[in-house]
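Engineer:
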Amino acid sequence: MPVKASSCEEAVLGFLRVAQAILDLPLYVDPAALELTEPAPLASQSAGIKGMSHYHPAQDLPKLPVPPLQQTLATYLRCMQHLVPEEQFRKSQAIVKRFGAPGGLGETLQEKLLERQEKTANWVSEYWLSDMYLNNRLALPVNSSPAVIFARQHFQDTNDQLRFAASLISGVLSYKALLDRTYRDTALAQLSWLLNGAESLHYCNSLPTDWAKGQLSGQPLCMKQYYRLFSSYRLPGHTQDTLVAQKSSIMPEPEHAIVACCNQFFVLDVVINFRRLSEGDLFTQLRKIVKMASNEDERLPPIGLLTSDGRSEWAKARTVLLKDSTNRDSLDMIERCICLVCLDGPGTGDLSDTHRALQLLHGGGCSLNGANRWYDKSLQFVVGRDGTCGVVCEHSPFDGIVLVQCTEHLLKHMMTSSKKLLRADSVSELPAPRRLRWKCSPETQGHLASSAEKLQRIVKNLDFIVYKFDNYGKTFIKKQKCSPDGFIQVALQLAYYRLYQRLVPTYESASIRRFQEGRVDNIRSATPEALAFVQAMTDHKATMLASEKLQLLQTAIQAQTEYTVMAITGMAIDNHLLALRELSRDLCKEPPEMFVDETYLTSNRFVLSTSQVPTTMEMFCCYGPVVPNGYGACYNPQPEAITFCISSFHSCKETSSVEFAEAVGASLVDMRDLCSARQPDESKPPATKEKARGPPAPSTLDSRR
1 MPVKASSCEE
11 AVLGFLRVAQ
21 AILDLPLYVD
31 PAALELTEPA
41 PLASQSAGIK
51 GMSHYHPAQD
61 LPKLPVPPLQ
71 QTLATYLRCM
81 QHLVPEEQFR
91 KSQAIVKRFG
101 APGGLGETLQ
111 EKLLERQEKT
121 ANWVSEYWLS
131 DMYLNNRLAL
141 PVNSSPAVIF
151 ARQHFQDTND
161 QLRFAASLIS
171 GVLSYKALLD
181 RTYRDTALAQ
191 LSWLLNGAES
201 LHYCNSLPTD
211 WAKGQLSGQP
221 LCMKQYYRLF
231 SSYRLPGHTQ
241 DTLVAQKSSI
251 MPEPEHAIVA
261 CCNQFFVLDV
271 VINFRRLSEG
281 DLFTQLRKIV
291 KMASNEDERL
301 PPIGLLTSDG
311 RSEWAKARTV
321 LLKDSTNRDS
331 LDMIERCICL
341 VCLDGPGTGD
351 LSDTHRALQL
361 LHGGGCSLNG
371 ANRWYDKSLQ
381 FVVGRDGTCG
391 VVCEHSPFDG
401 IVLVQCTEHL
411 LKHMMTSSKK
421 LLRADSVSEL
431 PAPRRLRWKC
441 SPETQGHLAS
451 SAEKLQRIVK
461 NLDFIVYKFD
471 NYGKTFIKKQ
481 KCSPDGFIQV
491 ALQLAYYRLY
501 QRLVPTYESA
511 SIRRFQEGRV
521 DNIRSATPEA
531 LAFVQAMTDH
541 KATMLASEKL
551 QLLQTAIQAQ
561 TEYTVMAITG
571 MAIDNHLLAL
581 RELSRDLCKE
591 PPEMFVDETY
601 LTSNRFVLST
611 SQVPTTMEMF
621 CCYGPVVPNG
631 YGACYNPQPE
641 AITFCISSFH
651 SCKETSSVEF
661 AEAVGASLVD
671 MRDLCSARQP
681 DESKPPATKE
691 KARGPPAPST
701 LDSRR
């Protein structure tokens, strides 16, 4: 219904904001930024309104709930009891008891958190963003920025490479236009509700709402992250970075992409004389850029290397660059662009999945394509001359599934668009792309040398492997009436235990986009039930029956599934404890003992950092470990295979990505055999057991050691 008279002032303010949005049509304003005082009551009516599947203002979703304090504390202790020494756990148990005592600090912080929940759209989002990304001082390549690797392309020459890039840019512009239409439709919907009520809403061709899949499927998800895909930039800071998003029409709308070629940066205008360039025009402009970049007399220092450095070091170098107006102009063009397109030269010559992934993760260092990047930008599309293609993501603005959705849309656009690029009639009138200029002082030259050296260290230190397990996939797992994700997570626990005879704190991202401005919380996969199972599977002296081991497996998967449900419904512990910790900074002169206790510190050192990133097209996602002695394990379950990207660091003598991949393969085979046994002979091992413990087939395992 229309706004009541008692809310007239708020309604007018909302009306003016919406009207300004419609008139100016700023491309990158978040629907949530409209901030109408009385949100339109559309969520409850969505099933009855035509086109409602395309309507997704964030404020129609429920707020993220605050879990009960005692529930979180009890879950925390249960998650950590089997991961730390017994004496240490008893000490931590007493600390937690004092923290959660009636009238104690925990209850005071919980009350503050409940007040924060009332006042904010999402009580943890600001804390989470800073803790997960903006406070991190490590370099973005490998440590923070994931990559999505496309299927290998087979370019016959440079023109093929540029045609692919032109089609990709055209897809980006089409997807961006879809986002713009969605924003416009959202604004119009809000305005229509203000004037006439919900019954007058009409919808155009806009971005469909995402709906939850898997556990508790069928719920609408917050779409706010999509509006950050092409509007965000991570600005380096000396102590904390800033996530910059163009949210209003105060800043001019970007109508250009930045093309990196031969470590040089060029401004590619995608709208000229109020007309969006066709693929033919884009192809012609890219050819001009390649020609300009090949002129060695015009080449400038590889400034992009600076963005691969530690965040504080890059902030210092950027401060020096800003002293010159030429550099300021160049930085402004990069920071306001739609995206980067990196036209890479050939890599090492090895075009295996592993080596193509490495080209995306770090570019192979400054001697290859490592300087042909600008890591602060949210999306960098890489199109290599050797057919290595994909996208590097600055992770702070959006989650992996949003990146995958966007990427699959682009690839589908490219598959359906015409393969033959014709020169547009106006091609001769198009102005040449502009090379960005830099003035490098001796201090900047020193920063460049240091950045190049540190990038080489990152390249040499990464131990990475792509492993395709092709014995079975999620089809078999579903036939066992098991969650594929829970099954794979238990296999990862078994693999780690096989190598190290212990379990460790494990991170698995769980989407909380069911709530306003939701990002992720953590599924703690190293459960007591998982420990019981992996111990039974590795204790060769025990006389446990296969049926008993199968029961333990099912119990472990069930525990994993239950924690997953807890996480996606906002009841997990990590975000809650993080918020309590951050609130304590304002109330306590010294950090509470709860948050300096060794068990709490251990709980946040994720030796296993895992994530399921499923795709419907031929591509996969990868990233690096998050601690020096840890593993990154990203997996993509398909019907008949599972692709794992395993990463670790050579500097840690205890870890080996190849050995971990072998352990994962052996664990999955053993679990398959356990599930498949009908009338097992308890005196004999399954026939495939010995084969399972051998190394994976060479065709499925390629590595960089």
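So in full-length UniProt numbering the end of the sequence shown lands on 705, straight run, no missing numbers. From the three backbone atoms N, C-alpha and C, an ideal C-beta is built for every residue, glycine too.
Would you mind working out which of Ser-441, Leu-580 and Cys-622 sits nearest Leu-322, comparing C-alpha positions?
Structural biologist: Ser-441
Engineer: What three-state label does DSSP hand Ala-21 in the structure shown?
Structural biologist: Note that Ala-21 scores a pLDDT of 45, beneath 50, so its modelled location is shaky; the value from the coordinates is reported in the next line. Three-state result, Ala-21: helix.
Engineer: By DSSP's criteria, Ser-145 is part of a beta bridge. Which residues make up the other side?
Structural biologist: Pro-141
Engineer: Return the residue from the list Arg-514, Val-290 and Leu-113 that minimises the CA-CA distance to Met-223.
Structural biologist: Arg-514
Engineer: Within 10 Å of its beta-carbon, does Gly-518 have 16 or more other beta-carbons around it, so buried, or fewer, so exposed?
Structural biologist: buried
Engineer: Starting from Gln-264, follow its DSSP beta bridges and name the residues at the other end.
Structural biologist: The beta-bridge partner set that DSSP reports for Gln-264 consists of Cys-261.
Engineer: Whose C-alpha, out of Thr-602, Gln-535 and Gly-632, is nearest the C-alpha of Ala-147?
Structural biologist: Gly-632
Engineer: Would you list the one or two residues that DSSP bridges to Phe-381?
Structural biologist: Val-341 and Val-391
Engineer: Could you give the distance in angstroms between the alpha-carbon of Glu-593 and the alpha-carbon of Leu-83?
Structural biologist: 20 Å
Engineer: When the Cα of Ile-272 is compared with those of Ala-432, Arg-234, Met-414 and Gly-370, which residue comes out closest?
Structural biologist: Ala-432
Engineer: Since I believe Leu-113 is in contact with Leu-587 (beta carbons under 8 Å), could you give me their beta-carbon distance rounded to a whole number of angstroms?
Structural biologist: At roughly 11 Å, the Cβ-Cβ gap does not stay under 8 Å, so Leu-587 and Leu-113 are not in contact.
Engineer: Mind checking whether Thr-610 and Gln-489 have CB atoms under 8 Å apart?
Structural biologist: yes
Engineer: Is the CB-CB distance between Ile-149 and Gly-370 below 8 Å?
Structural biologist: no
Engineer: With the cut-off set at 8 Å, would you say Phe-606 and Gly-630 are in Cβ contact?
Structural biologist: yes
Engineer: Below 7 Å CB to CB, which residues in the same chain sit around Ser-451 once its five sequence neighbours on both sides are set aside?
Structural biologist: Leu-305, Leu-306, Ser-308 and Asp-309
Engineer: Just the C-alpha distance for Glu-335 and Gln-161, rounded to the nearest angstrom, thanks.
Structural biologist: Cα to Cα, Glu-335 sits roughly 26 Å from Gln-161.
Engineer: Distance, Cα to Cα, Ala-129 vs Asp-350?
Structural biologist: Correcting the residue type first, residue 129 is Leu in the shown sequence and not Ala. Using only the alpha carbons, I get a separation of about 37 Å.
Engineer: Quick one: what's Ala-245 bridged to in DSSP?
Structural biologist: Ser-232
Engineer: Does the distance from the CB of Leu-577 to the CB of Thr-72 come in under 8 Å?
Structural biologist: yes
Engineer: Go through its chain and collect everything with a Cβ distance to Cys-645's Cβ below 6 Å, but skip five positions before and after it.
Structural biologist: Val-466, Cys-622 and Cys-634
Engineer: Which runs of the beta strand (DSSP E) at least 3 residues long sit entirely within the stretch 511-549? Give them in chain order.
Structural biologist: 520-523
Engineer: Can you give the Cα-Cα distance for Lys-653 and Cys-406, rounded to whole angstroms?
Structural biologist: 38 Å
Engineer: Cβ of His-256 within 8 Å of Cβ of Asp-269?
Structural biologist: yes
Engineer: So, using beta-carbon positions, are Pro-647 and Leu-462 closer together than 8 Å?
Structural biologist: In the sequence as presented, Pro is not what sits at residue 647; that position holds Ser. Cβ distance < 8 Å, so Ser-647 and Leu-462 count as in contact.
Engineer: Decide if the stretch 522-540 is in contact with the stretch 558-575; the criterion is three or more beta carbon pairs, one per stretch, under 8 Å apart.
Structural biologist: yes
Engineer: Leaving out the 5 sequence neighbours to the left and right, which residues in its chain are closer than 8 Å to Gln-679 when beta-carbon positions are compared?
Structural biologist: In this predicted model, Gln-679 has a pLDDT of only 42, less than 50, meaning its place in the structure is not dependable enough to derive any value.
Engineer: Can you grab the Cα-Cα spacing for the pair Gln-554 / Lys-481, in whole Å?
Structural biologist: 10 Å
Engineer: Using the rule of at least 16 other Cβ atoms within 10 Å of the residue's Cβ for burial, across every protein chain shown, is Ala-47 buried or exposed?
Structural biologist: For Ala-47, the pLDDT reaches just 29, beneath the cut-off of 50, and the residue's location in the model is therefore unreliable, although a value from the coordinates is still provided. By the 10 Å Cβ count, Ala-47 comes out exposed.
Engineer: Which runs of the alpha helix (DSSP H) fall wholly inside the stretch 573-613 and span at least 4 residues, in chain order?
Structural biologist: 574-587, 593-596 and 598-603
Engineer: If you run the structure through DSSP and keep just helix, strand and coil, what is Trp-314?
Structural biologist: helix
Engineer: What is the DSSP secondary structure of Cys-645, counted as helix, strand or coil?
Structural biologist: strand
Engineer: Taking Asp-324 as part of the beta strand (DSSP E), name the residues at either end of that continuous run.
Structural biologist: Note, Asp-324: premise wrong, no beta strand (DSSP E); not H, not E.
Engineer: The beta strand (DSSP E) with Cys-622 in it runs from where to where?
Structural biologist: 619-622 is the extent of the beta strand (DSSP E) around Cys-622.
Engineer: Tell me whether Leu-105 sits in a helix, a strand or coil according to DSSP, three-state version.
Structural biologist: helix
Engineer: So, for Phe-398: in the same chain, excluding its five sequence neighbours on each side, which residues have a beta-carbon less than 7 Å away from its beta-carbon?
Structural biologist: Gln-225, Arg-228 and Leu-229
Engineer: Just to confirm the assignment, what range does the beta strand (DSSP E) spanning Gly-280 have?
Structural biologist: Under the DSSP assignment, Gly-280 falls outside any beta strand (DSSP E), being part of the alpha helix (DSSP H) whose first and last residues are 279-293.
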